[in-house]
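So the structure is just underneath, and the comments pick up after that.
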Amino acid sequence: MGAATARRCVAAGARVVITDVLAEEGTATAKDLGARFVEHDVTSQDGWAAVVAETTREYGRLDGLVNNAGIASVAMIEDQSLEEFERVLQVNLVGTFLGLKAVVGAMRESGGGAVVNLSSVAGLFALPATGGYGASKWGVRGLTKIAALEFGRHRIRVNSVHPGMIITPMTQPLGARSGDGTFPLAPAGRWGEPEEVAEAIAFLLSDAASYMTGAELAIDGGWTAGESALMLPPERPAGPQAPEKPGTPEGSAG
4 MGAATARRCV AAGARVVITD VLAEEGTATA KDLGARFVEH DVTSQDGWAA VVAETTREYG
64 RLDGLVNNAG IASVAMIEDQ SLEEFERVLQ VNLVGTFLGL KAVVGAMRES GGGAVVNLSS
124 VAGLFALPAT GGYGASKWGV RGLTKIAALE FGRHRIRVNS VHPGMIITPM TQPLGARSGD
184 GTFPLAPAGR WGEPEEVAEA IAFLLSDAAS YMTGAELAID GGWTAGESAL MLPPERPAGP
244 QAPEKPGTPE GSAG
């Protein structure tokens with residue numbers, strides 16, 4: 004989703020700095036988009052300071068941040084190790100905290116800005132076997148609202164997006180694939196594309212969302228709207244239907 008978001012922002016005219024711990028992949032993506040790349044571990048406070056310094060030195064200001072880094076872990080609480088639980092929280096939640104902390108000063112000097120934090124549907128409802136991941140995404144959701152309250156005085160908006168089942172390398176082991184009927188738990192009936200999430204992120208970064216802060220935007224094909232779409236009665240055939248014959252009133256003679 005990060006590459007799709009960067010591509011969408013570049014297309015909108017933004018000057019983009021891409022960061023990643025994977026230097027080779029990040030450099031290739033940045034070169035392809037005409038963006039700038041900085042190797043960066045989101046769990047490093049010094050690394051965040053370096054990224055902000057590099058961005059403001061290169062472009063003179065900092066207007067937006069997408070906290071997109073994340074890792075997943077699938078394990079029941081009883082089976083998940085403390086080390087794995089803490090590793091997921093470090094990247095997904097502490098990394099988001101450090102990003103917020105690092106950019107607020109530069110955005111304040113720029114006259115304001117916008118931050119989009121990547122949470123998940125796992126931060127909107129509980130999913131089994133997502134102990135560390137789910138906890139981190141609930142944390143991102145709450146941290147977003149706290150930051151919105153604190154940063155509003157500086158004209159900095161902070162919102163969260165909550166993707167559902169999106170086709171990414173992270174979800175390939177779960178059977179991610181395109182096409183109708185591939186994810187019947189969502190009313191949309193399919194997996195989402197990274198570009199669909201990128202569109203929502205670009206909107207939240209833009210002035211079109213100038214009155215939105217502290218909001219949470221689900222991009223999930225309706226998965227979190229309510230009970231499973233699998234519980235719906237069968238769909239009626241298309242075309243005109245013959246009117247139902249009135250039944251015999253209960254207790255009357257036939």
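Residue numbers (our numbering): 4 to 257. Beta carbons: idealized from backbone N, C-alpha and C, even for Gly. Values in this document were obtained by computation on a predicted structure and should not be read as measured data.
Here PHE40 is buried. Its C-beta has 16 or more other C-beta atoms within 10 Å. Rounded to the nearest whole angstrom, the CA to CA distance from ALA38 to LEU92 is 29 Å. Scanning the segment 168–242 for uninterrupted alpha helix (DSSP H) segments of 4 residues or longer gives 197–208, listed from N- to C-terminal end.
The DSSP-derived three-state label of VAL124 is helix.
Within the model, the alpha-carbon separation for ALA33 versus SER76 is close to 28 Å. Within the model, the alpha-carbon separation for VAL69 versus PRO237 is close to 41 Å.
Straight through space, the alpha carbons of ASP66 and VAL20 are spaced by roughly 11 Å. A check of alpha carbon separations from GLY142 across ALA14, VAL124 and ASP82 identifies VAL124 as the nearest.
Counting C-beta atoms within 10 angstroms of its own C-beta, ARG239 has fewer than 16 neighbours from the protein chains shown and is therefore classed as exposed.
Pairing GLY5 with ALA201, the inter-Cα distance amounts to about 8 Å.
In the structure shown, SER163 adopts extended strand secondary structure according to DSSP, grouped into three states. Only residues of its own chain outside the window of five on either side were considered, and among them VAL77, ALA78 and MET79 have a CB closer than 7 Å to the CB of ALA132, listed in chain order.
In the displayed model, GLY73 falls within coil according to three-state DSSP, outside both helix and strand. A distance below 8 Å separates the beta carbons of ASN162 and ALA218. Residue environment analysis places LYS140 among the buried positions, since at least 16 neighbouring C-beta atoms fall within 10 angstroms of its C-beta. GLU42 has ASP23 as its beta-bridge partners, per DSSP.
In the three-state scheme derived from DSSP, where H, G and I count as helix and E and B as strand, ALA117 is classed as strand. Secondary structure note for SER139: its alpha helix (DSSP H) is the uninterrupted segment 134–154. Only residues of its own chain outside the window of five on either side were considered, and among them VAL45, THR46 and ALA72 have a CB closer than 6 Å to the CB of GLY98, listed in chain order. Per DSSP, the unbroken alpha helix (DSSP H) holding GLU57 starts and ends at 48–62.
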